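A quick write-up on the structure given underneath.
In my numbering, the protein residues as written are 1 to 559.
Right, here's the structure in full:
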């Protein structure tokens, strides 16, 4: 019994063990299945996240690409709009310029209606006027300019605006006739032909009952064989043919000490100016513009800039006589004399040479204001008698029919006045036709005087071989020629620069050892002004402060 009971107990225990093992096995499989399901779920989630991330990144890239494309399109659109606006602006500017040039051509005798430059034209201006009884007398200057390459013959000028003018006309260098509202001007025998690249001056006086008629606008037109001359001007060369060659030249060694200390009192010996040692010396420098109009440039710092930065040893003080503000017209004589005196003192302190210039121009003949000139030069020569650096220019540019005999007669009265005070200063004497006819002076020079030089003036784009030949002729006859005024543009002081002609003049100046003075120290809006019109400095100029003529001159003076 006990053995059976034990058996059943053993069987029961075994059954429990088997049930336990089966449960364990079944439980383990369930856990493994859950683990696999969990791992599979994590893996699947990761794949979904990765897919979503890739899609998101792709979406972001697409968004960025779209944004960049939009931005590019926007910029291109803005650029197109900007270019369009710029084009419109340029077109507007061009139209405005065209309009301005067209408008300018109405008042500028050197321009055609389309704005192109004329090769042949005439310019008229009133030089003076006064009352004579009940009549009003006007004096006019008429310039006929031929910038073409051909001589102009059989010419005639018709000038409108002479309604109310008296038919009796006093004039020079031409023949005159009133025809209705027009004044008709024809040549004398000696100026029937106006040479290529030259000009002539005609002057006349005419009476009006009414002052307003004399002041009314006048317009001059040049005719040739009955037809209007409409030749378009060929622009001069814009750069020097010798530019590269010149840049290779060795610059001379800088001179120590001031020009005056080194060379002392100058004198004339034959065709040359010589220094205290008897050695040839070349004065080279700058002329002021009219002292009444640009007084600010008469200062020590200005002259020092010319000496130290440019290489000038000379300043010319241009005191106009007859123009508005001129010494003999309506200018302040005391103020003008003070400017001259200050200029001489500044130059002297810097050891530079200085010219006192009696700048006749619209008064044509120096004899007109001869009494004033005698008083002025007596005063100036007495004041500066002991100065070794002062030169006297007694008549800038005789013109308007003034002959060499007129100039000589005037000079023979002024020179003794200066000599009473200053025994041996160099005196410069002008020549007819704006100091171009120096060859006439050579045919009949001033006698029984020493230290006399004769002036020749040129504007390189207008005055070429015809004036250079006059200078050569005068030099060959033993005259000391002094270029007391010149520029490298045309004779109006404006227009284009002719560098090639300027080079030809420079070569002649150096070959003949001529002294020279360039026009002009100011910032006037014209080609010959040496300072840019936008520059207000009166000394210490940088390269960008200079006009093209100023840059050329600075380079020339430093050679």
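The beta-carbon is built from N, C-alpha and C at its ideal position, and this holds for glycine as well. Keep in mind it's a predicted model, so treat the numbers as computed, not measured.
Per DSSP, reduced to three states, the secondary structure at residue 349 is helical.
Following the DSSP letters along the chain, one finds residue 303 inside the alpha helix (DSSP H) bounded by residues 300 to 305.
For residue 185 and residue 465, the gap between their C-alpha atoms comes out near 28 Å.
Within its own chain, the residues whose Cβ lies closer than 6 Å to the Cβ of residue 306, once the five positions on either side in sequence are excluded, are 286, 312, listed in chain order. The way I'd put it, the region 401 to 410 does touch the region 362 to 370; three or more beta-carbon pairs between them come closer than 8 Å. For secondary structure counted as the alpha helix (DSSP H) over 4 or more consecutive residues, the region 451 to 495 holds these complete runs in sequence order: 465 to 476. Every beta strand (DSSP E) of 3 residues or more that sits fully in the region 149 to 227 is shown, in chain order, as 155 to 160, 165 to 172, 175 to 179, 182 to 186, 198 to 208, 219 to 224. Comparing alpha carbon positions, the residue from 353, 154, 440, 317 closest to residue 406 is 440. Residue 171 and residue 202 have their C-alpha atoms spaced approximately 8 Å apart.
Rounded to whole angstroms, the separation of the alpha carbons of residue 388 and residue 341 is 15 Å. Comparing alpha-carbon positions, the option among 158, 228, 265, 142 lying closest to residue 205 turns out to be 142. Sequence-distant partners of residue 292 (beyond 5 residues in either direction) whose C-beta falls short of 6 Å from its own C-beta, in its chain, are 325, 331. Residue pairing by DSSP places residue 146 opposite 120, 198 in a beta bridge. At the C-beta level, residue 489 and residue 528 come within 8 Å of one another. The straight-line gap separating the alpha-carbon atoms of residue 523 and residue 550 is approximately 10 Å. Contact check between the region 157 to 165 and the region 219 to 234: three or more CB pairs, one atom from each, fall below 8 Å, which counts as touching. Its Cα nearest to that of residue 433, the residue 457 stands out among 278, 493, 457. In this structure residue 526 is in contact with residue 493, their Cβ atoms being roughly 5 Å apart against a cut-off of 8 Å.
If you draw a straight line from the Cα of residue 503 to the Cα of residue 115, it comes to about 29 Å. Cα atoms of residue 491 and residue 397: separation of roughly 13 Å, rounded to the nearest angstrom. Secondary structure at residue 343: helix, using DSSP grouped into helix, strand and coil. Taking 8 Å as the cut-off, the beta carbon of residue 509 is found no closer than this to the beta carbon of residue 499.
Sequence-distant Cβ neighbours of residue 259 in its own chain, meaning closer than 7 Å and more than five residues away, are 313, 351, 352, 353. When only Cα atoms are considered, residue 393 and residue 487 end up about 18 Å apart.
Rounded to the nearest whole angstrom, the C-alpha separation of residue 373 and residue 446 is 18 Å.
Under the Cβ criterion (8 Å, minimum of three pairs), the region 188 to 197 counts as touching the region 135 to 150. By the criterion of a C-beta distance shorter than 6 Å, residue 310 is surrounded in its chain by 554, 557, once the five residues flanking it on both sides are discounted. By the criterion of a C-beta distance shorter than 8 Å, residue 474 is surrounded in its chain by 438, 439, 441, 442, 454, 456, 481, once the five residues flanking it on both sides are discounted. The Cβ neighbour count for residue 461, taken over all protein chains shown within 10 Å, is at least 16; the residue is labelled buried.
In the structure shown, the three-state DSSP call for residue 518 is strand. The C-beta distance from residue 539 to residue 187 rounds to 48 Å, too long to meet the 8 Å contact threshold.
Counted as a single uninterrupted DSSP element, the stretch harbouring residue 372 is not any beta strand (DSSP E) but the alpha helix (DSSP H) occupying residues 370 to 383.
Each of 348, 477, 463 was checked against the Cα of residue 444, and the nearest Cα belongs to 477. Counting along the chain, no beta strand (DSSP E) covers residue 408; the unbroken alpha helix (DSSP H) around it starts and ends at 404 to 421. Residue 320: member of the beta strand (DSSP E) spanning 314 to 320, first to last residue. In this structure, the straight-line span from the alpha carbon of residue 391 to that of residue 270 is close to 17 Å.
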